[in-house]
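Asks: Would you mind keeping the following structure in view while I ask a few things?
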């Protein structure tokens with residue numbers, strides 16, 4: 001086995017994932033049978049204690065509302081954690097590296113890593129005379 005870390009899932013995770021997949025399909029099948037079969041059928045096979053049919057609709061609505069709430073809550077939290085569009089923190093932050101204008105004699109040298117100025121980026125992107 002390789003000692004380097006790999007992003008591939010381990011075999012244990014694959015087995016657990018398959019088990020959860022099969023279990024969820026089985027549970028959904030039981031839920032559908034409980035929701036659609038009449039009560040007389042359950043009593044014929046000896047099941048006398050089961051939830052009321054009202055809960056078959058209520059569980060589906062609750063799961064749907066929970067999923068919608070999670071998606072909307074995630075969007076809300078993400079939009080609240082991002083600065084406004086006119087915030088200077090979108091342009092400059094503590095990781096900003098200003099370009100130093102050092103003249104080098106070697107023209108083939110790679111310049112040091114730095115952030116591009118916003119006016120330069122706008123000129124390249126939106127200027128009609130791209131020279």
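Residue numbers (the working numbering): 1 to 131. Beta carbons: idealized from backbone N, C-alpha and C, even for Gly.
1. Could you tell me which uninterrupted alpha helix (DSSP H) segments, each at least 4 residues in length, are contained entirely in the segment 5-50, listed from first to last along the chain?
2. The alpha helix (DSSP H) spanning residue 82 covers which residue range?
3. Could you tell me the alpha carbon to alpha carbon distance between residue 116 and residue 80, rounded to whole angstroms?
4. Given a cut-off of 8 angstroms, decide if residue 42 and residue 50 are closer than it, judged by their beta-carbon atoms.
5. Please report how far the alpha carbon of residue 18 lies from the alpha carbon of residue 27, in whole angstroms.
6. Rounding to the nearest angstrom, what Cα-Cα distance links residue 100 and residue 73 in this structure?
7. Suppose you measure from the CA of residue 132 to the CA of residue 94; what does that come to, to the nearest Å?
8. Hey, could you find the ends of the alpha helix (DSSP H) residue 139 is sitting in?
9. For residue 114, does the three-state DSSP call read helix, strand or coil?
Replies: The answer reads as follows:
1. As far as the segment 5-50 is concerned, its whole alpha helix (DSSP H) runs of at least 4 residues are 11-36, 39-44.
2. Taking the chain shown and counting its residues from 1, one reaches residue 82 at position 82. From DSSP, residue 82 is part of no alpha helix (DSSP H); its letter is neither H nor E.
3. Position 116 of the chain shown, counted from the first residue, corresponds to residue 116. Position 80 of the chain shown, counted from the first residue, corresponds to residue 80. Rounded to whole angstroms, the separation of the alpha carbons of residue 80 and residue 116 is 27 angstroms.
4. Here residue 50 refers to the residue found at position 50 when the chain shown is read from its first residue. Here residue 42 refers to the residue found at position 42 when the chain shown is read from its first residue. Yes, they are a contact pair.
5. The residue given as residue 18 occupies position 18 in the chain shown. The residue given as residue 27 occupies position 27 in the chain shown. Their backbone Cα atoms lie some 14 angstroms apart in a straight line.
6. Taking the chain shown and counting its residues from 1, one reaches residue 100 at position 100. Taking the chain shown and counting its residues from 1, one reaches residue 73 at position 73. Cα to Cα, residue 100 sits roughly 43 angstroms from residue 73.
7. The chain is shown only over 1 to 131; residue 132 falls outside these bounds and no answer can be derived.
8. Any question about residue 139 goes unanswered here, given that the chain covers just 1 to 131.
9. Here residue 114 refers to the residue found at position 114 when the chain shown is read from its first residue. It is coil, neither helix nor strand.
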